[in-house]
Structures are given as structure tokens and as C-alpha cells.
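K.L.:
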Amino acid sequence: MRKTIGLAAVAALLLSGTAYAQQINVKIGVLTDMSSLYADDTGIGSVIGAKLAAEEFMKSNPNVKVEVVNADHQNKADVGSNIANQWYDRDGVDMIADVPNSGVALAIAEITKNKNKVFVASGPASSDLTGPKCAPTTVHWTYDTWMLANGTGKAMVKTGGDTWFFLTADYAFGHALERDTSAVVVANGGKVLGGVRHPINTNDFSSFLLQAQASKAKVIGLANAGGDTINAIKQGAEFGIAAGGQKMAGMLVFAPDVAALGLKTAQGLTFTETFYWDLNEGTRAWTKRWDKERNSPGKLPSMNMAGVYSGTLHYLKAVAAVGSAKDGKAVVDKMKQLPAEDSVYGKSVVREDGRVLHPAYLFEVKKPEESKYPGDLYHVRATIPMEEAFRPLKDGNCPLVKG
Amino acid sequence: MITIFGIPSAALFGQLLIGLINGSFYALLSLGLAVIFGMLNIINFAHGAQYMLGAVAAFLMLNFLGVNYWGALILAPLIVGAIGIVIERTFLQWLYKLDHLYGLLLTFGLALIIEGTARNYLGSAGLPYALPEALRGGQNLGFMFLPNYRAWVILVSLVICFGTWYAIERTRLGAYLRAATENPTLVRAFGINVPVMITLTYGFGVALAAFAGVMAAPIYNVSPQMGAELIIVVFAVVVIGGMGSILGAILTGFGLGVVEGLTKVFFPEASNTVIFVVMAIVLLVRPAGLFGRGT
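If you're matching them up, the sequences are chains A and B in order. 1 is the number of the first residue of the first sequence in this note's numbering; add one for each residue after it. 1 is the number of the first residue of the second sequence in this note's numbering; add one for each residue after it.
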């Protein structure tokens, strides 16, 4: 399933023989979900994100040769670990990017640390990656469960949604999201009335929705993702959740999910993301580049894909500054020193614990009549500055942070 | 308020009704499987993919041809059923005399190909499909809010299930069909075109799956993997009911919907596994299934 893209480049390099003194070779592996529930939020779109960053960087730094490979982890931690080991030990991969699915990502973070490579985690959600499980070789881009909970949870409580009922996916990610959101709700004076833990990939939510209705909570928090979130929202509309005066809060919603629901069903939904293609000139221009590579009409880039691009670009800058990609920890240390800036995420900061700080946005899905052109999905309701968007350094319990 | 096991009785009635509604999907799907297995001896693993095709066909027809839900309810089963007939003529007809495993492997492979192709062209996040205008809203029954669409699902499912059972078990055509499965040579001697009858039966079973797919499109996420998630449960339903027993498939479908619904109240974490626990117990006590005729 693996595609080797730069074979030609490598061959040319071997033939030329007269490499520059400063020639740096970097190999990046995009480990992602190519075929299952997160494939539209990451997958091939993430690979394109990495390629765009590589091309852009090579143009301005001709002495750096970047090769991008990719593989499908099938949402299985063992499959992902095998690929990572092979990439690091045999194929000379220096950095792994993306990795949606927190379960797989926690395994990759551990392997990367042991082999002193770099993991730019732009796909996974669990805030533990920069908390108790932080590593000197992990950089967590894009988002995490704390930031989702903080952005959406706070906004809901402040607008009167002070009693909550959770529908939670019954695995590591859902538990983390529920835990982080409950904390935010309680801290802002709200109350959690109860919740249900449903198995991942649940088809029918009607039973859980009845329980949520019976709880009389003002907000039904969806601590799940992908198909589960889509099914819950679709059936919530059918069961008249909004008509009964309750609001649904999707804690993790991606642009492709909104497209899957359709504006008619999704309208009014409020959630937090760090990227939206139509945010500003920079994101629109980048989306045009992405779209040209993707070549599939109607597809929109998600925040993860933008995160792969942004993270890869900053990683390459650090590699060039260090002069080699071989020492993973040295590269990550450099990433933490250098200021990060690109057209998609603007200015970002890589913190001591590996958390990347950038602004987050509270979005609301438009009504069908407000949508002026294809892909016109969101209103920006609030911008959360980077200092407030993510968990304070001292609360993370990351062993790397002293004092 | 009266409570049963700590749950208000009103809530319990609501959950029972929800269970019946989900059961009607299980019944519709397991019915098609039971017809195909009972008549053709083929374990149709492509059933989930064909169910997905029904839902996707409804989406494509709405967006590219302007055919609404009601049109799709008739056209999608016809189109997907026709695809089923092509599959039967080109592949399955060579397998009837072989072991069940060959049919299973072939249809499993077909399912992977169909789902992979759909994912390649449509992505995995899903496709929007709105509720039909006439079935929006719902009734307040006092103990629960019943969306009109769910009431429609249960009604249609009952009609289709009963109709199919009646056609196969109580009509002359059904008698021919059952006789053709038992002894095709003898039935052919009476001047009945058995291969055509078998082909049409497979087409009908596939059309049932597509029909269920269209029924599901407005309430479940329409995505290439929607069938793969459901098919395993439906197979468990068929095994519990007794492979090939039509009445068994219907009754078990509804019954297990209720069992699953109640599990979602008392122990939601187990709601995905409860059907397999029931299956294990039934197989231990009655290996041929609840309504199976034995071998």
C-alpha cells in the first residue's frame, strides 16, 4: 500500500555524485487512515498537506531533499506500530505525521521517543499526548480534547446551557473528551446530569436520545466523532431534540462531517476548530493549492490536513537549522526555539511540553439560505486567542515540565 | 410513577417501541438473507454492500436525476436487484453444487470490491439525505416522542415481511420455489424453468436489501461502510432464527431489536455484544436455531 514518490530524486542524487556539502535528506511518513471512518478527515488529504509543505520548502531551500511516503494504519495500534518500526529501522523515515486515532498515536509517540525520531501529531485528539504521556520527540499540532472542551463547553454554558447530558463513545478518546468537557462545564458553574457510554460505530442512537430527553438537560454533549456524531445529530433532528428546547453540542466536528449531514440538518450546530478553509486570504489560497492536488470536486480540506502542512513546514525549518534530521530530540528542541509562521495557521508557538499553540475558532453552521457558494458552511462566532485556547502548561502533568 | 427495575415504566415502554423499530430493520435484512439461503443455499455476504448500494442509489438519484424518496423506494430496489441478477448469472450460478464456503467467499469478495469502489468515489464521511417532507415531525405518545418516519418504518417492514412470508409459504409460486430447492430435476420435469426462478429469487433478495437501504437513508449515515457494520448483526439474527427459515428471520429480527433496545437502557456498553451472547446461547441449546428445521 506504500507509495514511494521520490525514488527518481534519490536515483538522480546517487548518479550525480557531487552532492553539495550541506545536502540534507529528509524522509517523512504520513501514517493515516486511508480506508475507514477518518479517511475523509485525514487520509489522502493529509498526504497532500505534507507534499505541499515539502514542495514549498524545497523551492526556497534547494539543499534539502524531502521525500514523502504514506501508509494506512487501519485504526489498529498494532498495525500502526509495525509500520512505524519498519519505517524508522529499515526505510530511513525521520518523521511521522498525522496519525488520527488517539489509540494508535499514543503507541507511535512511544516508539518515536525510543528511536529518537520525530512525531508531528496533527491527527489525534487526546490531550494526554502533551500531558502525562508527553515526550521530548512529540509535537502536537491542530487540536486536542482539552481545547475542544474548553472552546465549545465554555461557550455553551455562557449562553445558558448550564445542564449537560453526555453521549460518549466508549473508548480512550471519548472518555478523555467527556472528562475534559465535564471539568469545563462544572468550572463555569454548570452541572452534569448524566450520560450514556455507547459502543463505537453505533448505528442507532434513538434509545440514547430518549434517555437524553428524559434527563431534561439543556445541552446534549456528543463526546464522539465521525459516523457516530453524524448519526446522533441526524437522529436528534428526527426526534425533535431542538423542538423540545434541548441543544446538541458536537464536541469534535470536522468540515467533511458537516457536509455529510447537510446544512439543513446541521444548521445552528456550534463547535470549535482551528482551521476553516474560508477563514482568510491565506487559508483560501492554500485551499486552492490543496484542491489542485486533490482533484476531487466538492472535497474540502479539514483542520487535520492543514495541520499536517503547517507542522511539516515548521519541522523542515528546524531540520534545516539543525543541519540534519538524524537527531529527533535536537530537531524538536529547535522547533520549540524557532517561531512558526505559515499562511494557514498564522503565527504558532511550540511549547515546552510539545503542545503547539495557535488561535482556535468557535464556529456555527450556517442555515441553508445563508450559504452563498459551495463549501460556504460556517459563521465565525468567536476567536479564542492562543493563550486561552489550550491547557495551561502547569495543569498538564507533563514530566518534561519542571517546577 | 411506577418503576420497573429502577426505570420508570413510561421510559421502558418507549425503549420497547424503539427496540421494535430497530428490529424491523433487522427483520427486513435478515429476511432477504433467509430467502437467498433457503432457496439458493448461498450465504450472501454481499448483502450489506447491497443494502449500502440501495441507500447510495437513493442519494445519487435525488441529486443527479431529481428522483425523490418515494421514487427511490421503488427504483433503487429494481436497479440494485438487476445488478444482483447479473451477479447471479455471471458468478453464483456456477456455485450451487459446491460447498457453502465458495459462495460465502465469492460474495465476501464482491462486498469488499463494491465497498472499496464506493469509498473511492464517495469518500467515507457520508452523504446527506433528508427526511421526506410528508414524514417529518412526530407524535407525542405521552411516554415518548415517536417520529412519524419511525412509525412508517415499522409499518412498511411488517407489510413486506408478512407479504414475503405469505408468497413463499402459502402461494403456488412459493410452493414451486420450495419444491425447486428440494429437487430441481423433478420440478423441471413438470415444465417449470428452474434456473430463471432461482435467478429471480436472488434478484428479489438483493432488492429487499436495497429497499432496506432506502428506508435507512433518511435516518442513518449514508456511507460506504454502513452495510459492513450492520451485516454481522444481521447474520447473527439469521443464525439465531435458523438459517433459511423465513418466519424465524422475521420473528428473531423483531425480538432481538427489543433485546438490544433494553440492553441500551440497563447496560449500554454491552449493546453491541448482546446479540452475539444470545447467539452463543441459542447455538449451545439448539444448534439449528430457534426456528430451524434441523439437518
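Glycine is no exception: its CB is placed at the ideal position from the N, C-alpha and C atoms.
1. Taking all protein chains shown into account, do 16 or more other C-beta atoms lie within 10 angstroms of the C-beta of SER60/A, making it buried, or fewer, making it exposed?
2. Below 8 angstroms on the Cβ atoms is my contact criterion, and I expect ALA209/B with GLY19/B to pass it. Report the Cβ-Cβ distance as a whole number of Å.
3. Should VAL196/B be labelled buried (16 or more other beta-carbon atoms within 10 Å of its own) or exposed?
4. ILE28/A: which of VAL64/A, ALA39/A, ASP41/A and TYR38/A sits nearest, CA to CA?
5. Using a Cβ cut-off of 7 angstroms, pull out every chain B residue sitting near GLY262/A, in sequence order please.
6. Per DSSP, TRP164/A forms a beta bridge with which residues?
7. Along chain A, which residues have their Cβ under 8 angstroms away from the Cβ of LEU230/B?
8. Starting from the Cα of ASN203/A, find the closest Cα among ALA228/B, THR199/B, GLU88/B and THR181/B and give me that residue.
9. If distances are taken between C-alpha atoms only, which option among MET248/A, LYS51/A and THR137/A comes closest to ILE108/A?
10. Does any C-beta atom of chain A lie closer than 7 angstroms to the C-beta of PRO287/B?
11. Does the beta-carbon of GLU387/A have 16 or more other beta-carbons within 10 angstroms, so that it is buried, or is it exposed?
12. If you run the structure through DSSP and keep just helix, strand and coil, what is ALA46/B?
13. Could you check which residue in LEU209/A, VAL332/A, PHE271/A and ALA77/A has the C-alpha nearest to that of ALA360/A?
14. Label GLU67/A either buried or exposed according to how many other C-beta atoms from any shown protein chain fall within 10 Å of its C-beta, with 16 as the threshold for buried.
15. What are the boundary residues of the alpha helix (DSSP H) that includes ASN70/A?
16. Which of helix, strand or coil does DSSP assign to LEU393/A?
17. Measure the C-alpha to C-alpha separation of LEU98/B and LEU104/B and round it to an integer number of angstroms.
18. What is the DSSP secondary structure of GLY346/A, counted as helix, strand or coil?
19. Indicate whether at least one CB of chain B lies closer than 7 angstroms to the CB of ASP144/A.
20. Just to confirm, are GLY80/A and ASP98/A a CB contact at a threshold of 7 angstroms?
21. Looking at the ligand HEM, does it come within less than 6 angstroms of TRP277/A, judged from the CB to the closest heavy atom?
22. Work out the CA separation of LEU122/B and ILE219/B for me, nearest whole Å.
23. Name the chain A residues that come within less than 7 angstroms of LYS264/B, Cβ to Cβ?
24. Nearest-angstrom Cα distance between ASN150/A and THR168/A?
25. For LEU95/B, which residues in the same chain have their Cβ closer than 8 angstroms to its Cβ, ignoring the five residues on either side in sequence?
26. Taking Cβ positions only, does ASP170/A come closer than 7 angstroms to chain B?
27. Let me know the beta strand (DSSP E) ranges lying completely inside the segment 72-131 of chain A, each 3 residues or longer, listed in chain order.
28. Around the Cβ of GLY289/B, are there at least 16 other Cβ atoms within 10 angstroms (buried) or fewer (exposed)?
29. To the nearest angstrom, report how far apart LEU400/A and LEU393/A are at their CA atoms.
30. What are the residues of the segment 221-235 of chain A that lie near chain B, defined by any Cβ-Cβ distance shorter than 8 angstroms?
31. Am I right that VAL30/A and ASN70/A are in contact with their C-beta atoms under 8 angstroms? What's the rounded C-beta distance?
32. Under a three-way DSSP split, which group does PRO132/B fall into?
33. Go ahead and label PHE162/B buried or exposed: buried means 16 or more other beta carbons lie within 10 angstroms of its beta carbon, across all protein chains shown.
34. Taking 8 angstroms as the cut-off, does the segment 79-93 of chain A touch the segment 330-350 of chain A (at least 3 CB pairs, one atom from each stretch)?
35. When we look at the beta-carbon of ASN101/A and count the other beta-carbons within 10 Å, is it buried (16 or more) or exposed?
36. Whose C-beta lies closer than 7 angstroms to the C-beta of VAL67/B among residues of the same chain, with five residues either side of it excluded?
P.N.:
Judging by the given coordinates:
1. With fewer than 16 Cβ atoms within 10 Å of its Cβ, SER60/A is classed as exposed.
2. That belief does not hold up - the Cβ atoms of ALA209/B and GLY19/B are roughly 22 angstroms apart, past 8 angstroms.
3. exposed
4. VAL64/A
5. PRO128 and ALA130
6. The beta-bridge partner set that DSSP reports for TRP164/A consists of VAL192/A and VAL219/A.
7. ASN203
8. Closest option to ASN203/A, judged by alpha-carbon separation, among ALA228/B, THR199/B, GLU88/B and THR181/B: ALA228/B.
9. THR137/A
10. Against chain A, the CB of PRO287/B has no partner CB under 7 angstroms away; the residue lies outside that interface.
11. Exposed, by the Cβ-count rule.
12. coil
13. PHE271/A
14. buried
15. Here ASN70/A belongs to no alpha helix (DSSP H); instead the beta strand (DSSP E) covers 64-72.
16. helix
17. LEU98/B and LEU104/B: Cα-Cα distance of roughly 11 angstroms.
18. The three-state reading of DSSP puts GLY346/A in strand, counting E and B together.
19. no
20. no
21. As for the ligand HEM, it is missing from this structure, which has no ligand bound.
22. 19 angstroms
23. SER207 and PHE208
24. 17 angstroms
25. ILE42, TYR102, GLY103 and LEU106
26. With 7 angstroms as the cut-off, ASP170/A counts as an interface residue toward chain B.
27. 95-98 and 118-121
28. Counting Cβ neighbours within 10 Å, GLY289/B comes out buried, since at least 16 surround it.
29. 11 angstroms
30. GLY226, GLY227, ILE230, ASN231, LYS234 and GLN235
31. About 4 angstroms separates the CB atoms of VAL30/A and ASN70/A; that is less than 8 angstroms, so the two are in contact.
32. In the three-state scheme derived from DSSP, where H, G and I count as helix and E and B as strand, PRO132/B is classed as coil.
33. exposed
34. no
35. Result: buried.
36. MET61 and LEU75, listed in sequence order.
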